[in-house]
Each structure stands twice: as C-alpha cells, then as structure tokens.
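Visitor: All residue numbers for the sequence shown refer to this note's numbering, where the first residue is 281 and numbers rise by one. Built from N, CA and C at the ideal position, the CB exists for glycine as well. Fair warning: this is a prediction, and the values are worked out from it, not measured in the lab.
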Amino acid sequence: NPNATEKGKEHNMPIRYDAAADSASWNDMKQFFERILH
Numbered sequence: 281n282p283n284a285t286e287k288g289k290e291h292n293m294p295i296r297y298d299a300a301a302d303s304a305s306w307n308d309m310k311q312f313f314e315r316i317l318h
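(1) How would you write the range of the alpha helix (DSSP H) that Arg315 sits in, first residue to last?
(2) Apart from the five residues just before and just after Asn281, which ones in its own chain have a Cβ nearer than 7 Å to its Cβ?
(3) Restricting to Cα atoms, I'd like to know which of Ala284, Ile316 and Asn307 is closest to Met293.
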C-alpha cells in the first residue's frame, strides 16, 4: 500500500511501502495463478 509509509510515521511504527517488493510480489502472484489455472 503506497500509503503505508505515511501511516507508519503517523503511528510511530516501522512500516514503509516498498515499490520493488510490491512489484515482485504482484508478478509472483500472477505467475502462480497462471500455472494453476491454465
């Protein structure tokens, strides 16, 4: 969630958005569904 960094700062928590991790996990999920559904 791109808003995670802001929310982490707001609540003094070590949370941040990582665009690279977001992209990698999205691609992994798409590949997983492609394998099991086709």
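Guide: If we stick to the structure as given:
(1) Taken as a continuous stretch (DSSP letters only), the alpha helix (DSSP H) holding Arg315 covers Ala299 to Leu317.
(2) Tyr297
(3) Ala284
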